[in-house]
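Q:
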Amino acid sequence: MHNKGKHLVLVHGFSIVCTILGLFAGPFFHGSVPAGPVLVQGKAELVSTTDCCNTLGWEEAFEFDHVRDCQDICRAYVHYKTVQTCLMNETCIYVNQDWAKLQALVSDRGLTITVPCEMAIRRALCAYHFPECVDDQSIVGDLVCERSCRDVKAFCDFSLEEFTSVPKCASRNFACTAPADRLAMVWGSFTKSQYQSTAVKGVVWLSHACAIMMMYSLLQIAAISSA
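Residue numbers (this note's numbering): 12 to 238.
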């Protein structure tokens, strides 16, 4: 009877653990498993594509001088996927135009660009022209994250809007584009989805182990009861 009681305690313990795991497993799976096509007026939504949403090939030898100039400005900051891979020529024209506006602004005001200021400018300007994407139909954020815009103001004493055409500074640091800083570069390409996938696998393995241990305890109780 003592052994039977001990196994009953184990079964109840494993039941509680499995219940907790089940509560956490649902949200993980919900956030990590892609949803199926959405029906709109009786028709399935188009499957997402990534023909343009790709990482820029900065190591490639570009034919045009203005693209090479754009490469010098942004290659250290744009390591994420962007749909601008299909509009590289046009995008780089706009990058260079805004860079020229910046040089004129600095000259007119008699300013000196420090290293922290230039880094902040490059990060914000490249986010402005190279918005991050999930696929060809989904842009993470067409706006520049608040932190990047704030850094320009803090280190340069002028704002991003003063040398770009359209105000695109967000009032938040999510659902926007923020080129990788030093910390992000250290972590490399270990993305949020990979963190989530690893967590899901951990929950699955723990759930399996929990089920096995519960089955073992039930078999032990049955054996003790029949003895």
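For each residue, glycine too, the CB sits at the ideal point set by N, CA and C.
With distances taken from CA atoms, which of TYR139, HIS140, ASP147, ARG134 is nearest ASP162?
A: ARG134
Q: For VAL177, count neighbouring Cβ atoms within 10 angstroms of its own Cβ and tell me buried if that reaches 16, exposed if not.
A: exposed
Q: Counting Cβ pairs, one atom from each stretch, are 3 or more of them under 8 Å apart for the region 124-143 and the region 155-172?
A: yes
Q: Quick one: what does DSSP say LYS112 is sitting in, helix, strand or coil?
A: helix
Q: Apart from the five residues on each side of it in sequence, which residues of its chain come closer than 8 Å, Cβ to Cβ, to ARG158?
A: ASN184, ALA189
Q: Among GLU71, LEU154, CYS156, which residue has its Cα nearest to the Cα of MET99?
A: GLU71
Q: Would you mind stating whether LEU93 and TYR139 have Cβ atoms separated by less than 8 Å?
A: Note on identity: in this sequence residue 93 is Thr, with Leu being the wrong assignment. Not a contact, by the Cβ cut-off of 8 Å.
Q: Which residue comes first and which comes last in the alpha helix (DSSP H) that contains CYS85?
A: 76-85
Q: What do you get for GLY68, buried or exposed, if any count of 16 or more other CB atoms within 10 angstroms of its CB means buried?
A: exposed
Q: Using three-state DSSP, classify VAL163 as helix, strand or coil.
A: helix
Q: Leaving out the 5 sequence neighbours to the left and right, which residues in its chain are closer than 7 Å to LEU116 when beta-carbon positions are compared?
A: Only PHE169, GLU173, PHE174 meet the Cβ criterion.
Q: Report the three-state DSSP secondary structure of ILE150 (helix, strand or coil).
A: strand
Q: Return the CA-CA distance between CYS144 and HIS90, expressed in angstroms with no decimal places.
A: 12 Å
Q: Buried or exposed, going by whether 16 or more other CB atoms sit within 10 Å of the CB of ILE84?
A: buried
Q: So, is THR123 buried or exposed, given that buried needs 16 or more other C-beta atoms within 10 angstroms?
A: exposed
Q: Report the rounded CA-to-CA distance for ASP62 versus ASP147, giving the unit in angstroms.
A: 7 Å
Q: Rounded to a whole number of angstroms, what is the C-alpha to C-alpha distance between ASP119 and TRP110?
A: 14 Å
Q: Taking the C-alpha atoms as reference points, what is the distance between GLY152 and ASP76?
A: 29 Å
Q: For the alpha helix (DSSP H) containing ARG241, name the first residue and the last one.
A: Outside the displayed range of the chain (12 to 238) lies residue 241, so it cannot be described from this structure.
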